[in-house]
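Protein sequences, first through last, are from chains A and B. According to the numbering used here, the first sequence is numbered sequentially starting from 1. According to the numbering used here, the second sequence is numbered sequentially starting from 1.
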Amino acid sequence: MEATHRAPRVSWRVVSVVAAALVYSWIASGLRPFTHPEAVAVGIPIVAAGIATLRSALRTGQTAAPESRRGVLVWRGLLAAFLIWELITYRSSPREDYPTFSSITDTIMSTHPGRFALFALWLAIGYRIFRR
Amino acid sequence: MSTSTFSYTIYAVIAASWVAWGVFTQVERPRYATLGGIVRRMMRHPLMRWAVWASWAFVGWHLFVRGRGAFK
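In structure tokens:
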């Protein structure tokens, strides 16, 4: 007898949430920096994540499988390497010769699709972190 | 090699190392700590969860609200 494999179905709820997040990202990334509408558009997910963090803090009796600690030192080293290099370039000039993370992302975000991609990525990372 | 090429190369090496180590830890999990596992552990800590939230909020605010040069 041949085994039948059914591909996991994506629910309409997931599709709607992803579609809404993409539409939101497109609208928010079309707003200009240093404006109140952009501050509100970025502030809404930040407040929502803050509420989710507060709710998780109020939840008690959380039990989770212990995570491995092997390799944490490497992650710390990679973070330190990034922060040290960011600090060196930030303190150096001219910016053309010493680009910072912000100036690199500014170049990516000089177009609406580039800004949209980074906004959607930021939103997705936040969703993954704070959805629990 | 010009100074700017050198600067971009350093960023590229750091980024490639992040990706390489991220892929390795994913393949070798649960023996090695993944980035997701580290964040999960931080989110269980009463203070560290707010540090994670503040870091994520700072990146978003800095990039999109206080960003320089967008749409120049």
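Yeah, the Cβ is synthetic: ideal placement off N, Cα and C, and Gly gets one too. Values in this document were obtained by computation on a predicted structure and should not be read as measured data.
I need the straight-line Cα distance from residue i to residue j, nearest angstrom please.
i, j, result
"A:Ile-108", "B:Val-65", "15 Å"
"A:Val-14", "B:Ala-20", "30 Å"
"A:Arg-9", "A:Arg-91", "51 Å"
"B:Ser-17", "A:Leu-78", "7 Å"
"A:Val-40", "B:Val-13", "36 Å"
"B:Lys-72", "B:Trp-61", "Because the pLDDT of B:Lys-72 is 45, which lies under 50, any placement of that residue in the model is unreliable, and the number read from its coordinates should be weighed accordingly. Spanning the two alpha carbons is a distance of roughly 19 Å."
"A:Ala-20", "B:Met-1", "46 Å"
"A:Phe-130", "A:Ser-93", "37 Å"
"B:Ala-54", "B:Gly-22", "23 Å"
"A:Pro-33", "A:Phe-101", "17 Å"
"B:Arg-29", "B:Gly-36", "11 Å"
"A:Pro-66", "B:Tyr-32", "12 Å"
"B:Ala-15", "A:Leu-58", "36 Å"
"B:Gly-69", "A:Asp-106", "With a pLDDT of 48 at B:Gly-69, under the threshold of 50, the modelled position of that residue is not reliable, and no figure is offered here."
"A:Arg-76", "B:Met-42", "14 Å"
How would you list, in chain order, the residues of chain A whose beta-carbon sits under 9 Å from the beta-carbon of residue i?
i, result
"B:Met-43", "Thr-53, Ser-56, Ile-129, Phe-130, Arg-132"
Along the chain, where does the alpha helix (DSSP H) containing residue i start, and where does it finish?
i, result
"B:Thr-9", "3-27"
"A:Phe-130", "112-130"
"A:Leu-31", "Note, A:Leu-31: premise wrong, no alpha helix (DSSP H); not H, not E."
"B:Met-43", "35-44"
"B:Phe-64", "From DSSP, B:Phe-64 is part of no alpha helix (DSSP H); its letter is neither H nor E."
Give the interface partners of residue i over in chain B, defined as CB-CB distance under 8 Å, in chain order.
i, result
"A:Leu-121", "Those within 8 Å of A:Leu-121 in chain B number zero; the least Cβ separation is about 10 Å."
"A:Trp-85", "Ile-10, Tyr-11, Ile-14"
"A:Leu-22", "The contacting residues do not exist; A:Leu-22 stays about 16 Å from chain B at best."
Anything in chain A within Cβ reach of residue i, meaning under 7 Å, just list it in chain order.
i, result
"B:Val-52", "Ile-129"
"B:Thr-25", "Gly-71"
Residues of chain A with CB closer than 8 Å to the CB of residue i, please, in chain order.
i, result
"B:Val-39", "Ile-129"
"B:Val-59", "Trp-122"
For residue i, return the contacting residues in chain B, with the cut-off set at a CB-CB distance below 9 Å.
i, result
"A:Leu-118", "Leu-63, Phe-64"
"A:Tyr-98", "Thr-3, Ser-4, Ser-7"
"A:Ile-46", "Trp-53, Trp-56, Ala-57, Gly-60, Trp-61"
Just the chain B side, please: which residues come within less than 7 Å of residue i by C-beta, in chain order?
i, result
"A:Ile-27", "The premise fails here: A:Ile-27 is roughly 12 Å from chain B at the closest Cβ pair, so nothing lies under 7 Å."
"A:Pro-37", "Simply none; closest approach about 10 Å."
Which complete alpha helix (DSSP H) runs does the segment 48-97 of chain A hold, if anything under 4 residues is left out? 72-91
Check whether the segment 112-120 of chain A and the segment 25-38 of chain A are in contact - that is, three or more C-beta pairs closer than 8 Å. yes
Within the chosen definition, does the segment 86-106 of chain A reach the segment 4-13 of chain B through at least 3 CB pairs nearer than 8 Å? yes
Contact between the segment 74-89 of chain A and the segment 122-132 of chain A: three or more CB pairs below 8 Å? no
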